[in-house]
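Accompanying notes for the structure given below.
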Amino acid sequence: MTSARPVEPFAQGSGGSAQDPQHYHPPQAYPAPPGAAPTVGQQSQSQQQPQGPPQGGQQATQAQQAQRTGQAMRRPRTGARTVPRTRKARLRVAKADPWSVMKVSFLLSIALGICTIIAVAVLWMVMDAMGVFATIGDTVTEATETDTDSGFDLVAFLSLPRVMLFTSVIALIDVVLATALATLGAFMYNLSAGFVGGIEVTLAEDE
Numbered sequence: 153m154t155s156a157r158p159v160e161p162f163a164q165g166s167g168g169s170a171q172d173p174q175h176y177h178p179p180q181a182y183p184a185p186p187g188a189a190p191t192v193g194q195q196s197q198s199q200q201q202p203q204g205p206p207q208g209g210q211q212a213t214q215a216q217q218a219q220r221t222g223q224a225m226r227r228p229r230t231g232a233r234t235v236p237r238t239r240k241a242r243l244r245v246a247k248a249d250p251w252s253v254m255k256v257s258f259l260l261s262i263a264l265g266i267c268t269i270i271a272v273a274v275l276w277m278v279m280d281a282m283g284v285f286a287t288i289g290d291t292v293t294e295a296t297e298t299d300t301d302s303g304f305d306l307v308a309f310l311s312l313p314r315v316m317l318f319t320s321v322i323a324l325i326d327v328v329l330a331t332a333l334a335t336l337g338a339f340m341y342n343l344s345a346g347f348v349g350g351i352e353v354t355l356a357e358d359e
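Every letter in the sequence shown is one number past the one before it in my numbering, and letter 182, counting from 1, is 334.
This is how it looks when you write it as structure tokens:
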């Protein structure tokens, strides 16, 4: 039984046999004339060649261009202000609500009355500790003393309970008067604002 012998590829060349692979010459590709369509081999070579830089390089180039563009946009013009301007608004107080003015003035006057009572109490204790009342009381007693009368006792008259009672009465009167005057002032302001437009104020943002 005979074995099959492989058939050598036949090549057309100058002087080489079909069974001798050493004398095989592949077909040469000649350049196409100008204006002719590219062949299949040229199309495959053009597809294999890279069309441009890699994708990573394109992204890096685009990022650099965007950074340069942003720097150019942020660059201030020559002589331009770089400090942000503070926005301001000019408003006008056209009306004051008398009820709200009365409530606020009432609370403020009560706070002022309490502060007055505390301040008077502290001042009286300090002066009594320094002996001011005793010295002044002796002087007033000697000045008003007669043969039948021992004189005016200033220390007993300016005792702490009497001073605190007097101060509380003054603070209460102050609360009533301050509240009434503030409410009356709100009515007067509304009347005057109807003629002249009211007080104008300018408000600005905090930097």
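Backbone N, C-alpha and C fix where the C-beta goes; we use that ideal spot for every residue, glycine too. It should be emphasised that the depicted structure is a prediction, and the values quoted were computed from it without experimental measurement.
Cβ shell of residue i (< 6 angstroms), same chain only, five flanking positions each side left out
i, result
"G350", "R244, V245 and A246"
"A356", "T238 and K240"
"V352", "The amino acid occupying residue 352 in the given sequence is Glu; Val does not appear at that position. Excluding sequence neighbours, E352 sits near R244."
"P202", "The predicted position of P202 is uncertain, since its pLDDT is 49 and thus under 50; a value taken from the coordinates is nonetheless stated next. Nothing meets the Cβ criterion."
Beta-carbon proximity list for residue i, same chain, < 7 angstroms, skipping 5 on both sides
i, result
"V253", "A334, T335 and A338"
"A323", "G265, T268 and I269"
"R242", "E352 and T354"
Alpha helix (DSSP H) segment containing residue i, residue limits
i, result
"E294", "V284 to T296"
"T331", "L312 to V348"
"A308", "L306 to F309"
Anticipated Cβ contact below 8 angstroms, residue i with residue j, distance rounded
i, j, result
"E297", "G289", "No, E297 and G289 are not in contact; Cβ-Cβ is about 12 angstroms, not under 8 angstroms."
"T287", "T319", "Actually they are not in contact, since the Cβ atoms of T287 and T319 sit about 22 angstroms apart, beyond 8 angstroms."
"K240", "T331", "Wrong, their Cβ atoms sit about 35 angstroms apart, outside the cutoff."
"V348", "S261", "Not confirmed; about 28 angstroms, so no contact."
Rounded C-alpha distance that separates residue i from residue j
i, j, result
"S257", "A273", "24 angstroms"
"M282", "V315", "17 angstroms"
"F285", "A271", "17 angstroms"
"V278", "Y341", "43 angstroms"
"E294", "F309", "16 angstroms"
"A248", "W276", "40 angstroms"
"T238", "V321", "50 angstroms"
"D280", "S311", "10 angstroms"
"A263", "W251", "19 angstroms"
"P313", "I325", "19 angstroms"
"K255", "A345", "21 angstroms"
"L329", "L259", "13 angstroms"
"D358", "L317", "47 angstroms"
Where the beta strand (DSSP E) containing residue i begins and where it ends
i, result
"A241", "K240 to V245"
"T354", "I351 to A356"
Cβ-based neighbour list, residue i, same chain, cut-off 8 angstroms, excluding 5 preceding and 5 following
i, result
"V292", "G303, F304 and L306"
"Q200", "With a pLDDT of only 49 at Q200, under the threshold of 50, the placement of this residue in the model should not be trusted, and no figure is reported."
"D301", "none"
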